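One structure below.
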Amino acid sequence: MTETVRIQRRREPSGAGGLLLALVIGVAVSVGIGVYGQLHQAAFFAFNVAGFSSGTSAKAWLATIAFLLAVVQVISAMIMYGRFGSWSPPWVSGLHRWSGRIAVLVTVPVAVHCLYALGFQHGEPRVLVHSLAGCFFYGMFVAKMLLLSRKNVPGWSLPVLGGLVFTGLTVLWLTSSVWFFSTSGLTF
Amino acid sequence: MKRTGPLLTLLAVAVLGAALFVANRAGDPATAPPAPAAQATNAEAAPPQPPAEVPPEVPAEPAPAVEKLAYAGQTPGKELTIAIAVEAGKAVAYVCDGKKIEAWLEGEVKGSSVELKNSAGTSTVSGTVDEKKSTGTITVADKSWSYDAKAATPPSGLYEGRADVQGVANRVGWIVLEDGSQVGIRSANGVAQPAPPLNPADLGAVRIDGVPVTVTAIDGGDKVIKR
């Protein structure tokens, strides 16, 4: 979170009120999720998803799907920004948009379970990092969506926010799914 | 179009999150009013916009009357001894007669009432809890007793021991009463027998046939039923 604040201050002179507003709202969402996770009485209960051996393995696989789609996000964004030369077929922006939508929707059941059943925890480093990354991810996601809906924002701001969203999700995935698969095996 | 798309994405995430929250809340045994709420939730969940920042809504959950406490006591005729530990709305209990009958139970505290059962659902404990005592009914194998348990301060409370003795998993439950007396059962291979003595001041000293037993003091948040 301090990171975003720093970016905010440094880039403010470019006159990007829209960017500032998006970041402020994004940070507010991050903090709000964290506070809710901390205050809410962890319920240790949630629906199980049909077809999986446990709620945890369902979460791990959903998060893995989201991560794979996030890789699609990065690659399609790089194509759109011309990082693969002039090759930029017209469907790439659609691919980017829809893979992103599906990715974030897939994360929602996972996050709701985390928040509702477990809450914000800091008992061990992995769990603390995961909790922080979860708050960070949704805050940056909200900021990026708000930014997309505005015109005249600095050109660098979208890739930076997109990168932060991807970083957040990667940390989330590493500290949950990868940890789960490496300790419990590749279970469905 | 380009400008509203991301906002619609945000809205979709918000609605899905809110709907799942409501569904979880409706299905949560700890918070659930009767089930029909679950049907209505999707329709109701759509309007609210900011999903993640929905305030904690503490009142919806019947807060446990006791946050964390253990109880130990007996049935009036001292047929059975019981220990209950509660923590954050969860409860575990152990019931035994010190000879052959025992049951490990898990359950929940809602308000001042506590309900527990064993994994098969054949033994139950149903009672009330407050800061001083827990009273209620124990049902084991179709027979019921009332019980009266007082708040237990360590070393009084519930203990569990585990050991693998010559390849056979042994599990021991002990209840240490307020007066220092203890009742327990050791089970292995489905056979129950009186537990070896436990020294609450030295949990590591218990041996079964020379094999050290791992003994832990059980809190309300612990799991005592294998899943």
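Residue numbers (the working numbering), protein chains in the order written: chain A, 1 to 188; chain B, 189 to 415. Glycine is no exception: its CB is placed at the ideal position from the N, C-alpha and C atoms. Note that the coordinates shown come from a computational prediction; the quantities given were computed from them, not determined experimentally.
Can you give me the start and stop residues for the beta strand (DSSP E) that residue i sits inside?
i	result
residue 284 (chain B)	278 to 284
residue 89 (chain A)	That residue, residue 89 (chain A), is in no beta strand (DSSP E); it is neither H nor E in DSSP.
residue 350 (chain B)	345 to 353
residue 374 (chain B)	370 to 376
residue 266 (chain B)	Careful: residue 266 (chain B) lies outside any beta strand (DSSP E) and carries neither H nor E.
residue 381 (chain B)	379 to 382
residue 302 (chain B)	301 to 305
residue 404 (chain B)	402 to 405
Is DSSP giving residue i helix, strand or coil here?
i	result
residue 288 (chain B)	coil
residue 413 (chain B)	coil
residue 272 (chain B)	strand
residue 144 (chain A)	helix
residue 331 (chain B)	strand
residue 320 (chain B)	coil
residue 232 (chain B)	Any reading at residue 232 (chain B) must be qualified, since the residue scores a pLDDT of 38, below 50, and its modelled position is unreliable; the value itself is stated next. Residue 232 (chain B) falls in the helix class under three-state DSSP.
residue 59 (chain A)	helix
residue 152 (chain A)	coil
residue 203 (chain A)	Since the first residue of chain A shown is 1 and the last is 188, residue 203 (chain A) is not available in this structure.
residue 129 (chain A)	helix
residue 213 (chain B)	helix
residue 326 (chain B)	strand
residue 182 (chain A)	helix
residue 258 (chain B)	strand
residue 186 (chain B)	Residue 186 (chain B) falls outside the range modelled here, since chain B spans only 189 to 415, and no answer is possible.
residue 97 (chain A)	helix
residue 176 (chain A)	helix
residue 295 (chain B)	strand
residue 76 (chain A)	helix
residue 313 (chain B)	strand
residue 364 (chain B)	strand
residue 308 (chain B)	coil
residue 399 (chain B)	strand
residue 245 (chain B)	Bear in mind that a pLDDT of 44 at residue 245 (chain B), under 50, signals an unreliable position, so the number given afterwards is only what the model happens to contain. Residue 245 (chain B): coil per DSSP, three-state reduction.
residue 357 (chain B)	strand
residue 337 (chain B)	strand
residue 408 (chain B)	coil
Using a Cβ-Cβ distance cut-off of 7 Å, determine whether residue i contacts chain B.
i	result
residue 57 (chain A)	no
residue 140 (chain A)	no
residue 24 (chain A)	no
residue 104 (chain A)	yes
residue 159 (chain A)	no
residue 126 (chain A)	no
residue 208 (chain A)	Because chain A is modelled from 1 through 188, residue 208 (chain A) falls outside the range shown and cannot be assessed.
residue 27 (chain A)	no
residue 109 (chain A)	yes
residue 112 (chain A)	yes
Are any of the Cβ atoms in chain A nearer than 7 Å to that of residue i?
i	result
residue 398 (chain B)	no
residue 304 (chain B)	no
residue 222 (chain B)	Here residue 222 (chain B) scores only 41 on pLDDT, less than 50, and its place in the model is too uncertain to base an answer on.
residue 297 (chain B)	no
residue 226 (chain B)	With a pLDDT of 38 at residue 226 (chain B), under the threshold of 50, the modelled position of that residue is not reliable, and the figure given next carries that caveat. Residue 226 (chain B) does not count as touching chain A.
residue 310 (chain B)	no
residue 236 (chain B)	Any answer about residue 236 (chain B) is weak, because its pLDDT of 40 lies below 50 and its placement is not dependable; what the coordinates show is given next. No, no contact with chain A.
residue 423 (chain B)	Nothing can be reported for residue 423 (chain B): it is not among the residues displayed for chain B, which extend from 189 to 415.
residue 387 (chain B)	no
residue 191 (chain B)	yes
residue 194 (chain B)	yes
residue 197 (chain B)	yes
residue 205 (chain B)	yes
residue 377 (chain B)	no
residue 293 (chain B)	no
residue 254 (chain B)	no
residue 391 (chain B)	no
residue 201 (chain B)	yes
residue 268 (chain B)	no
residue 208 (chain B)	yes
Thinking residue i and residue j are a contact (beta carbons under 8 Å), I'd like their distance in whole angstroms, please.
i	j	result
residue 406 (chain B)	residue 279 (chain B)	Not a contact, Cβ separation roughly 11 Å.
residue 328 (chain B)	residue 289 (chain B)	6 Å
residue 119 (chain A)	residue 38 (chain A)	7 Å
residue 383 (chain B)	residue 362 (chain B)	6 Å
residue 165 (chain A)	residue 141 (chain A)	5 Å
residue 126 (chain A)	residue 175 (chain A)	5 Å
residue 103 (chain A)	residue 69 (chain A)	4 Å
residue 317 (chain B)	residue 297 (chain B)	6 Å
residue 33 (chain A)	residue 138 (chain A)	6 Å
Specify, as a first and last residue, the run of the alpha helix (DSSP H) that residue i falls within.
i	result
residue 170 (chain A)	157 to 173
residue 17 (chain A)	17 to 39
For the ligand ATP, any of its heavy atoms closer than 6 Å to the Cβ of residue i?
i	result
residue 163 (chain A)	Looking for the ligand ATP in the displayed structure turns up nothing, as the structure carries no ligands at all.
**Message:** To be precise: take each residue of the segment 336 to 363 of chain B, compare its Cβ to all Cβ atoms of chain A, and keep it if any distance is under 7 Å. Which residues remain?
**Reply:** none
**Asked** Which residues, in chain order, does the segment 78 to 97 of chain A contribute to contact with chain D at a C-beta distance below 9 Å?
**Response** Judged by its chain identifiers, the structure shown contains no chain D, and its protein chains are A and B.
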